[in-house]
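2 protein chains.
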Amino acid sequence: MDQRQALVAFGALSQETRLHIIRMLVVSGPDGMAAGAIAEKAEVSPSNVSFHLKELERSGLIAQQRESRSIIYTANYEALGGLIRFLMEDCCGGNPDICAPAAAVAACCAPATKEELQ
Amino acid sequence: MDQRQALVAFGALSQETRLHIIRMLVVSGPDGMAAGAIAEKAEVSPSNVSFHLKELERSGLIAQQRESRSIIYTANYEALGGLIRFLMEDCCGGNPDICAPAAAVAACCAPATKEELQ
DNA sequence: TCAATGATTCAAGGATTATTGAAATATGGA
DNA sequence: TCCATATTTCAATAATCCTTGAATCATTGA
Numbered sequence: 345m346d347q348r349q350a351l352v353a354f355g356a357l358s359q360e361t362r363l364h365i366i367r368m369l370v371v372s373g374p375d376g377m378a379a380g381a382i383a384e385k386a387e388v389s390p391s392n393v394s395f396h397l398k399e400l401e402r403s404g405l406i407a408q409q410r411e412s413r414s415i416i417y418t419a420n421y422e423a424l425g426g427l428i429r430f431l432m433e434d435c436c437g438g439n440p441d442i443c444a445p446a447a448a449v450a451a452c453c454a455p456a457t458k459e460e461l462q
Numbered sequence: 345m346d347q348r349q350a351l352v353a354f355g356a357l358s359q360e361t362r363l364h365i366i367r368m369l370v371v372s373g374p375d376g377m378a379a380g381a382i383a384e385k386a387e388v389s390p391s392n393v394s395f396h397l398k399e400l401e402r403s404g405l406i407a408q409q410r411e412s413r414s415i416i417y418t419a420n421y422e423a424l425g426g427l428i429r430f431l432m433e434d435c436c437g438g439n440p441d442i443c444a445p446a447a448a449v450a451a452c453c454a455p456a457t458k459e460e461l462q
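For the protein sequence lines, the chains are F and R, in the order given.
If you're matching positions, the first sequence starts at 345 in the working numbering and goes up one per residue.
If you're matching positions, the second sequence starts at 345 in the working numbering and goes up one per residue.
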C-alpha cells in the first residue's frame, strides 16, 4: 500500500457509516453481504449506501461481485492488513514505542469465531 | 481509543500535509518541532500549518507546549498506538487473517512480550 | 515602551464530501 | 414480453473541509 492509497483509505474510514460497513463486512467474511442487506443493517437508504460502498471500493478496502440480482460486497483483508502495516511502518516509522503495544495485542488475539464477534 | 476518537483520527490522517506532519513528528521524537520549522519543512504557509496542527491536536495524535516564543508540537505515541490497536481490534475484529501479517511486521522491529506491556 | 519574532485567528472563497429522492439500469421469473 | 427486485446513477442541496492573506496575540530583548 502506497501513500496515495493510504490517504484514500484513511478518508474512507473517517466516516461513521463507512466504518460501520467495514466492520460488518469483516465479520461476514468471504461470504460478504449484499448491498441491500448492508443498507438495512446500517439503517441508511439504498442510494446512500451505494454512495458509501463506491467510496470504500475506491479505497480498495472492499470488493464487489454480482451474484444474480444482488451485488455482494466483501472486505479486502489484504488491503486492511496493508493499511495497518502502513500505519506501523511508513507512518510511524516502525517506532517500537508505538508499534510494540499494538502488535502485542494482535499477537495474543486467538482466532475469533464469527459468533463471538456479533 | 473509542470510535469517535478513531473517526477523527482517520480524518486527520486522510490529508497529505497532515500525514507528512505526523511522520516528521514521529521522527523528531520527544523533542518535537516548532510550528515554524514544521511549516518550513512541509512547505506550507504559517497559517495553513496552524490550521492542520489544530486539526491534528483535536484528533489527539499530537500535543503542543509553549517554549518561549515557539510552540513545540510532539507526536502522541500512545494515541498512535491506540489507533493501530483500534484498527486491529475494533475495526477488524482481531481477525488473524488481517492482523497477523501486520503484527508480524512490527514484531521484527520490537520484540515485546505481553507481560512487558502490562 | 517599542520593535521583532513566532504563531494563531479570522473571514472569504473555493473545493470536496454527504444526503436526498427521482430516474435509470440489470437480472430473473411469470 | 412484462413485471418485480436489487442496485446504481444523477441532479440538487447541504454540510464540511481547505487555502489564502490580513489582522491579532504572546513572548522576548533592546
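Here a beta-carbon is modelled for each residue, glycine too, at the ideal position from N, C-alpha and C.
| Query | Result |
| --- | --- |
| Along chain F, which residues have their Cβ under 7 Å away from the Cβ of GLY355 (chain R)? | SER358 |
| Indicate the three-state DSSP secondary structure (helix, strand or coil) for GLU463 (chain R) in the structure shown. | Because chain R in this structure spans residues 345 to 462, residue 463 (chain R) falls outside the shown range and cannot be described. |
| From VAL352 (chain R) to PRO374 (chain R), what does the alpha carbon distance come to, in whole angstroms? | 23 Å |
| Between the C-alpha atoms of GLN462 (chain F) and ARG413 (chain R), what's the straight-line distance to the nearest angstrom? | Only weak support exists for where GLN462 (chain F) lies, its pLDDT of 39 falling under 50; the coordinates are left without a value. |
| How is the beta strand (DSSP E) around SER414 (chain F) delimited, first residue to last? | 414-419 |
| In the DSSP assignment, find the beta strand (DSSP E) that holds GLU411 (chain F) and state where it starts and stops. | 406-411 |
| According to DSSP, is ILE345 (chain F) helix, strand or coil? | The question names Ile, but residue 345 (chain F) is Met in the sequence shown. Three-state DSSP puts MET345 (chain F) in coil, outside helix and strand. |
| Name the residue from R:PHE430, R:ALA450, R:LEU397, R:GLY437 whose alpha carbon lies nearest to the alpha carbon of GLU433 (chain F). | R:ALA450 |
| Count the other CB atoms within 10 Å of the CB of VAL371 (chain R); is the residue buried (16 or more) or exposed (fewer)? | exposed |
| According to the Cβ coordinates, are ARG362 (chain R) and GLU399 (chain R) closer than 8 Å? | yes |
| Taking Cβ positions only, does VAL388 (chain R) come closer than 8 Å to chain F? | no |
| Spell out the partners DSSP gives MET377 (chain R) in its beta bridges. | R:TYR417 |
| Cα separation between GLY475 (chain R) and ASP346 (chain F)? | Not covered by the structure: residue 475 (chain R). The range shown for chain R is 345 to 462. |
| Does the beta-carbon of GLY376 (chain F) have 16 or more other beta-carbons within 10 angstroms, so that it is buried, or is it exposed? | buried |
| Starting from GLU401 (chain R) and walking both ways along the alpha helix (DSSP H), at which residues does that stretch end? | 390-402 |
| Note down the Cα distance separating VAL388 (chain R) from GLY380 (chain F), rounded to an integer number of angstroms. | 44 Å |
| Anything in chain R within Cβ reach of ARG371 (chain F), meaning under 9 Å, just list it in chain order. | Note that residue 371 (chain F) is Val in the sequence shown, not Arg. In chain order: GLY437, ASN439. |
| Within 10 angstroms of its Cβ, does PRO390 (chain F) collect 16 or more other Cβ (buried), or is it exposed? | exposed |
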